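Take 0 as the starting number for the sequence shown in numbering that gives the first Met the number 0 and just add one per residue. Working notes, structure below.
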Amino acid sequence: MGSWHYYPPSTPKPVKDGVKARSRRGAIGEKWWSQRFIQVLEDSGSASRLQRGKRYARKGQVIGIEIRGGEVQAKVQGSAAKPYQVTIRLEPLSDATWEKVFDLMAGQAIFAAQLLSGVV
């Protein structure tokens, strides 16, 4: 007869002064566009990883974040001894696409006003 071993659930290693998400539960992101960005990531097939990422973000397990060009990199302390690197790459918008964005925003003054006031 085989034996069954119990493995306790893994818990992330504590992080001193980690970056913490503001929300304690529910949606992450205060602005509509950040919530939409998270939704797109969840729809891409990485929902379980995103759930763990949200949990880690709320606990302050993110050691650092760097944003440059079309890339976001974060160093995260999980349950392993060493932190791991998370990278999200996005294709930057072309100049032609930015022109379309500017033209559309110019046609709707509310967008420019929201952008300038920090709502967007």
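We put the CB at the ideal spot given by N, CA and C, even for glycine. Model, not experiment: these values are computed from the prediction.
- Annotation: the continuous beta strand (DSSP E) that includes R67 extends over V61 to R67.
- Distance check between P91 and each of R24, G68 and I109 places G68 closest, using alpha-carbon atoms only.
- Y55 sits buried, since 16 or more C-beta atoms from the chains shown fall within 10 Å of its C-beta.
- Residue burial annotation: G117 is exposed, with fewer than 16 other C-beta atoms found within 10 angstroms of its C-beta.
- Bridge pairing for T86: Q72 [DSSP].
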